[in-house]
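The structure appears below as structure tokens.
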Amino acid sequence: MGLLKQLSAIVLGHLLASAASAEQIHAAVAANFLAPFKEVVNRFEHISGHRVIVSSGSSGKIFAQIQNGAPFQVFLSADQAKPEALEKAGLAAPGSRFTYATGTLVLWSTRPGFVDEDFTRLKNRDFNKLALANPRLAPYGAAAVEVLENLKLEDATRAKWVQGESIAQTYQFVASGNADLGFVALSQIMNRRHIREGSSSVIPDKLYSPIRQDAVLLKSGKDNSSAKALLNYLRSEEARGIILAHGYKIE
Amino acid sequence: MFSNADLTAIWLTFKLATVVTVLLLIIGTPIAWWLARTRSWLKGPVSAVVALPIVLPPTVLGFYLLIAMGPDGFIGKLTLQLGLGTLAFTFWGLVVGSVFYSLPFVVQPLQNAMKALGERPLEVAATLRAGPWDRFFTVVLPLAKPGFITAAILGFAHTVGEFGVVLMIGGNIPGETRVVSVQIYDYVEAMEYARAHVLAGAMILFSFVVLLGLYGVQRNSIFWGVK
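Which chain is which? The protein sequence lines are P and U, in order. Residue 1 is where the first sequence starts when you use the numbering used here, and the numbers rise one by one after that. Residue 1 is where the second sequence starts when you use the numbering used here, and the numbers rise one by one after that.
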């Protein structure tokens, strides 16, 4: 009997202790940032002892889910518009929004020597298909169209566009060899800090508006100190190191 | 009510479903016939392969089709050798994908209808000196008619409702691969809910009417003595 008492005391003690110190945070993250975010979360969990449950998807879907009461406390969007809209709708904690990363656009092909700095193949229309993310849905797609506009190649190449519903699918189109080349995120073709096989050209900043990705503390996390701690950690030197290594910029 | 882009998508979807249904009836009939009659050990494996699309998530099917249709995939190598280029992001690519995707919905009703006929009508026809082709067209086809109608309706409707496969291999090209389901998805993702409602409402109405027609056919078929 004594043993049972002791045992239940230990179990109860553990439960109480974990409830007091280690909390669970539910974070939703745009699919393009999932890989670096997992690394950030690993470090954060290690340091703080909190647990982070990560859900990922397209920003549009997450946005709709938050509007309909999804239980997220933190949202890392692929753009600025959605966190802003949540703020306006009173679904986010005012003043909590900040830019955690800025995306880098790159023209990429799995074939070595196919893509160069001067976009020769693009200008000569010497390719089968050009993959880009749907500009209506994905910020990287809108940026790709802006680049084509600035190069005066929008109308010339339009007939050869294939649009992915997300930047992840756009990557698939190119990676599977079905499209000769495509506009993808630099973070997608970074593999252990090196650019993957094939050929690529990082698009100069002046050709498109910055793809700023904002994070926001949601209403349900407003009084949650661990959710705030996660967002603070996202701004730390250590987290920035991880973000930069994945091919994002930080302004 | 519908925008021009919607109408283009509706027409494309209709064209795709029609082509796929015709092809599926041509491909599915011999498969169903063989499955309904054979005693071969291959029946199990072949049935399982035909039924795979029912179980597999469309994204799995779409993902492998995308790889298979690529320049290094087995379909891609074949089409390149035939001088057809690669099939991804083309109407005919969608046709190939949809044929795989909707195959069980055509084969299974046909197989059931053919099995329900039994041996007897064919034996009788044979004693009247009807050849195999003659037996097929004058005995099997008329008697299994409800099965063919069910198969055609299901194949057509299932292709109209296809989404995951098209999304994976289509590339969202207006008039070529942007079908109604993809158009709806775009509207929802872009938060143009009003436009999404119009098209999605039309889709629900269409599906309901089709299924209503289908159950009408099935009820009548009991009177014709074929289940």
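We put the beta carbon where it would ideally sit given N, CA and C, even for glycine.
Reduced DSSP category for residue i - H, G, I as helix; E, B as strand; rest coil
i, result
"Ser199/P", "strand"
"Thr150/U", "helix"
"Asn232/P", "helix"
"Gly164/U", "helix"
"His46/P", "helix"
"Val179/U", "coil"
"Asn178/P", "coil"
"Gln188/P", "helix"
"Gly201/U", "helix"
"Phe89/U", "coil"
"Val115/P", "coil"
"Ser109/P", "strand"
"Met1/P", "Unreliable placement is indicated for Met1/P, whose pLDDT of 48 sits below 50; the coordinate value is still reported in the next sentence. Three-state result, Met1/P: coil."
"Pro204/P", "coil"
"Glu237/P", "helix"
"Leu212/U", "helix"
"Pro104/U", "helix"
"Lys227/U", "Unreliable placement is indicated for Lys227/U, whose pLDDT of 43 sits below 50; the coordinate value is still reported in the next sentence. DSSP places Lys227/U in coil when its eight states are reduced to three."
"Glu192/U", "coil"
"Ser18/P", "At Ser18/P the pLDDT is 48, less than 50, meaning the model places this residue with poor confidence and gives no usable figure here."
"Gln172/P", "helix"
"Ala70/P", "coil"
"Asn128/P", "coil"
"Asp79/P", "coil"
"Val217/U", "helix"
"Ser40/U", "coil"
"Leu84/U", "coil"
"Pro174/U", "coil"
Beta bridge counterpart(s) of residue i as assigned by DSSP
i, result
"Ile169/U", "Paired residues: none, contrary to the question."
"His26/P", "Ile53/P"
"Lys249/P", "Thr102/P"
"Gly164/P", "Ala133/P"
"Phe37/P", "Paired residues: none, contrary to the question."
"Phe183/P", "Leu107/P"
Alpha helix (DSSP H) segment containing residue i, residue limits
i, result
"Leu65/U", "58-69"
"Ala92/P", "Ala92/P -> no alpha helix (DSSP H), and no H or E assigned at all."
"Arg121/P", "120-123"
"Asp134/U", "132-135"
"Arg37/U", "4-37"
"Asp223/P", "Careful: Asp223/P lies outside any alpha helix (DSSP H) and carries neither H nor E."
"Ser59/P", "59-67"
"Val145/P", "139-150"
"Phe74/U", "74-81"
"Val140/U", "Unbroken run through Val140/U: none, as it is neither H nor E."
"Leu122/U", "120-127"
"Asp155/P", "154-157"
Residue j beta carbon less than 8 Å from that of residue i
i, j, result
"Asp223/P", "Pro139/P", "no"
"Ile31/U", "Val50/U", "yes"
"Leu143/U", "Leu117/U", "yes"
"Val29/P", "Leu217/P", "no"
"Thr170/P", "Gly164/P", "yes"
"Ile203/P", "Ala101/P", "no"
"Leu181/P", "Trp108/P", "yes"
"Ala35/P", "Gly57/P", "no"
"Ile189/P", "Ser200/P", "yes"
"Ser102/U", "Gly155/U", "yes"
"Lys82/P", "Phe127/P", "no"
"Leu91/P", "Phe37/P", "no"
"Thr99/P", "Arg212/P", "yes"
"Ser226/P", "Glu23/P", "yes"
"Ala130/U", "Thr138/U", "yes"
"Leu167/U", "Gly62/U", "yes"
"Asp186/U", "Leu137/P", "yes"
"Val162/P", "Gly171/U", "yes"
N- and C-terminal bounds of the beta strand (DSSP E) containing residue i
i, result
"Ile211/P", "211-217"
"Ala51/U", "Run containing Ala51/U: none in the beta strand (DSSP E); it sits in the alpha helix (DSSP H), 43-55."
"Phe75/P", "74-76"
Q: Give a yes or no on contact between the stretch 174-181 of chain U and the stretch 46-57 of chain P, applying the rule of three or more CB pairs nearer than 8 Å.
A: A contact between stretches requires three or more CB pairs, one per stretch, nearer than 8 Å, and the stretch 174-181 of chain U fails this requirement with the stretch 46-57 of chain P.
(Q) Could you check whether the stretch 195-210 of chain U touches the stretch 30-41 of chain U, counting it as contact only if at least three pairs of C-beta atoms, one from each stretch, sit closer than 8 Å? (A) With contact defined as three or more Cβ pairs closer than 8 Å, the stretch 195-210 of chain U and the stretch 30-41 of chain U are not in contact.
Q) Touching or not, the stretch 120-136 of chain U and the stretch 236-245 of chain P, by the rule of three or more beta carbon pairs under 8 Å? A) Not touching, per the Cβ criterion.
(Q) For the stretch 143-152 of chain P against the stretch 186-202 of chain P, do three or more pairs of beta-carbon atoms, one drawn from each stretch, fall closer than 8 Å, so that the two count as touching? (A) Not touching, per the Cβ criterion.
Q) Is there contact between the stretch 149-160 of chain U and the stretch 12-26 of chain U, where contact requires at least three CB pairs shorter than 8 Å? A) Touching, yes.
Q) Would the stretch 185-203 of chain U and the stretch 71-87 of chain U be scored as touching if the rule is three or more Cβ pairs under 8 Å? A) The stretch 185-203 of chain U vs the stretch 71-87 of chain U: no contact.
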